[in-house]
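In this note's numbering, the protein residues as written are 5 to 577.
We treat Cβ as the ideally placed atom computed from N, Cα and C, and that holds for glycine.
First comes the structure, then the notes that go with it.
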């Protein structure tokens with residue numbers, strides 16, 4: 005009976021071992037699961053893909069896009085992507101079914117097209133691809149990100165999209181079956197061993213024929229050996245080896261080895277984290293370093309093309325505001341007056357520092373300090389993006405004044421200060437701008453002790469005085485006033501503020517007596533369409549100023565650290 009029980013246990017143990025090992029090898033489930041867009045999803049020019057899908061089911065996922073033609077995959081912050089999408093119809097992929105085989109798609113109706121997003125400034129990166137493209141969620145920075153997929157903004161975005169995740173399929177019975185099988189094999193071996201010992205304990209002395217095993221005959225001319233029955237046969241184990249019935253270490257050793265091999269697959273079966281568990285808060289900077297570098301290079305190239313051709317039309321994609329006005333008028337003057345100097349070039353190769361706003365609403369204003377060939381001092385470049393779909397454009401450019409130091413701003417991004425807010429400053433930005441304007445207008449300005457004289461202030465007041473001195477036949481007035489909506493103020497690292505301000509310097513003159521003439525210089529005459537008048541003249545210069553205001557509680561001096569003026573208008577009355 006004991007022998008039959010051992011045989012049954014051995015058979016059950018081998019079956020359990022094979023079943024357990026099979027679940028970890030040839031019967032193991034797929035380690036990946038792929039989700040696709042459901043049939044019937046509506047076409048749209050744009051598709052938004054939430055970056056949290058990358059680890060929605062734990063582990064690294066692969067996004068695969070297939071298209072017969074070329075397409076664009078853009079990466080941006082959620083608010084940047086939303087700003088670009090705007091009123092356009094779009095699909096949003098933000099989840100998947102519980103089994104990870106069907107993507108969840110939400111369709112939003114809207115306009116049938118959008119601009120082509122390839123190379124758009126608002127995105128941290130854009131990638132052009134065609135055919136089949138695999139993306140591995142390589143986001144450019146911490147925080148929340150989204151992907152946006154488009155063909156060219158007019159044609160429907162590709163719809164053959166799939167995401168492959170780790171399946172996290174488990175085999176919970178694999179290890180128990182292996183353990184149980186090993187124990188059953190051991191038990192079978194023990195029972196067989198006990199049966200053998202019991203049989204041996206009932207045998208007689210040597211030569212006796214009373215034991216259960218037939219003895220070898222030693223008499224006569226021939227000797228025959230009786231063939232033992234099953235209990236005397238060495239059992240064949242799962243690995244094909246044979247051992248004596250009384251050896252129990254084989255079963256125990258097999259259990260240890262198999263358990264050791266099965267530990268690694270078991271450890272991989274982890275619970276998928278919450279989609280937002282690993283997400284850091286969105287970064288405040290509206291531009292990453294790579295974005296700013298790319299924008300500066302394109303801006304410098306556009307300015308160089310315009311300067312070389314003296315063609316303002318080549319500036320329009322990357323230059324606007326005061327910078328566009330100044331260069332447009334300079335080209336006109338240089339076309340008429342060969343000796344007229346060109347404006348300082350815009351360089352991007354040597355980026356000294358930058359001021360990146362944390363204000364995520366549009367318009368967005370940033371600043372870069374660069375220096376390159378043709379710049380005797382660093383250039384303070386101000387760029388503005390009017391909307392998500394717009395390019396950043398150079399709106400102000402001024403040299404850093406001799407001896408001046410540009411203040412440090414937080415690396416994480418600079419808070420933008422409203423012009424009418426004191427916010428811990430010695431003066432509001434509006435007060436500081438007005439004070440500098442007054443200082444430039446009047447030699448005895450009430451701000452003279454709060455805005456220290458520098459090369460630009462001295463030159464401006466001297467220019468105004470020279471015209472009055474050298475124009476005895478005229479009455480002249482000068483005025484410096486804030487113009488347009490380009491002014492902006494940013495918090496500096498020490499609690500103060502750096503302010504960008506465009507001013508119009510208006511200089512007007514009228515004859516003192518009837519018949520007196522006023523004469524314009526050649527550059528002004530090129531814009532006015534004449535040189536002399538007996539009625540009056542007006543000259544307009546656009547000034548780009550960079551002003552530093554200290555934090556409240558310390559020094560009260562406002563410092564002009566960057567400034568330039570360019571003739572932008574002249575008229576004969």
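Beta-ladder partner(s) of residue i, from DSSP
i	result
residue 463	Bridge partners of residue 463: none, in fact.
residue 69	137 and 165
residue 115	92
residue 484	509
residue 410	None; residue 410 has no bridge partner.
residue 370	360 and 387
residue 97	53 and 109
residue 515	478
residue 536	523
residue 401	385
residue 197	Answer is none; residue 197 lacks a bridge partner.
As assigned by DSSP and simplified to three states, the class of residue i
i	result
residue 132	strand
residue 230	The predicted position of residue 230 is uncertain, since its pLDDT is 36 and thus under 50; a value taken from the coordinates is nonetheless stated next. If DSSP states are grouped into helix, strand and coil, residue 230 belongs with coil.
residue 222	Residue placement at residue 222 is poorly supported in this model, since its pLDDT is 38, which falls under 50; the coordinates are not used for a value here.
residue 573	strand
residue 479	strand
residue 545	strand
residue 568	strand
residue 41	coil
residue 148	coil
residue 54	strand
residue 580	Any question about residue 580 goes unanswered here, given that the chain covers just 5 to 577.
residue 19	helix
residue 107	strand
residue 317	helix
residue 348	coil
residue 295	helix
residue 439	helix
residue 550	strand
Buried versus exposed call for residue i [16 or more other C-beta atoms within 10 Å across all chains shown]
i	result
residue 146	exposed
residue 321	exposed
residue 554	buried
residue 547	buried
residue 95	buried
residue 164	exposed
residue 371	buried
residue 5	exposed
residue 301	exposed
residue 456	exposed
residue 413	buried
residue 489	exposed
residue 101	exposed
residue 424	exposed
residue 358	buried
residue 450	exposed
residue 474	exposed
residue 91	exposed
residue 561	exposed
Neighbourhood of residue i by C-beta distance below 7 Å, restricted to the same chain and skipping five residues each side
i	result
residue 437	486, 491, 503, 505 and 551
residue 132	74, 76 and 122
residue 157	49, 117, 118, 119, 120 and 121
residue 508	485, 487, 544 and 546
residue 93	48, 49, 112, 113, 114, 115 and 116
Presumed contact (8 Å Cβ cut-off) between residue i and residue j, rounded CB distance
i	j	result
residue 397	residue 323	6 Å
residue 162	residue 48	Not quite, the Cβ-Cβ distance comes to about 11 Å (not below 8 Å), so this is no contact.
residue 350	residue 383	7 Å
residue 149	residue 62	Not a contact, Cβ separation roughly 19 Å.
residue 556	residue 428	5 Å
residue 18	residue 194	About 16 Å separates the two Cβ atoms, so there is no contact after all.
Residues of its chain near residue i, where Cβ-Cβ distance is below 6 Å and the 5 sequence neighbours each way are ignored
i	result
residue 465	447
residue 38	166 and 168
residue 51	95, 153 and 161
residue 223	Because the pLDDT at residue 223 is just 39, under 50, the model does not fix this residue reliably, and the value given afterwards should be weighed accordingly. Nothing listed; no residue qualifies.
residue 434	423 and 424
residue 577	539 and 540
Cβ neighbours of residue i in the same chain (closer than 8 Å, five flanking residues each side left out)
i	result
residue 316	310, 328, 331, 332 and 335
residue 367	388, 389, 390 and 391
residue 402	383, 384, 548, 549, 550, 566, 567 and 568
residue 461	443, 444, 455 and 564
residue 337	344, 527, 530, 531 and 571
residue 379	348, 349, 351 and 403
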